[in-house]
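Here's the structure, in structure tokens; my notes come after.
In this note's numbering, the protein residues as written are 174 to 211.
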């Protein structure tokens, strides 16, 4: 999990410059959590 977070930090700058990609990742992230909580 920690490795995944490091990857997110490294790519955060690139993601900020790609709003559409950031939105897709956000929707994917929240979608996974919604499924996990069911």
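The beta-carbon is built from N, C-alpha and C at its ideal position, and this holds for glycine as well. This one's a predicted model, so the numbers in the text were calculated from it and none came from an experiment.
According to DSSP, is residue i helix, strand or coil?
i	result
residue 190	coil
Give me, in chain order, the residues of the same chain whose beta-carbon lies closer than 7 Å to that of residue i; leave out the 5 immediate sequence neighbours on both sides.
i	result
residue 190	none
If you drop the 5 nearest sequence neighbours on each side, which residues of the same chain put their C-beta closer than 6 Å to that of residue i?
i	result
residue 205	none
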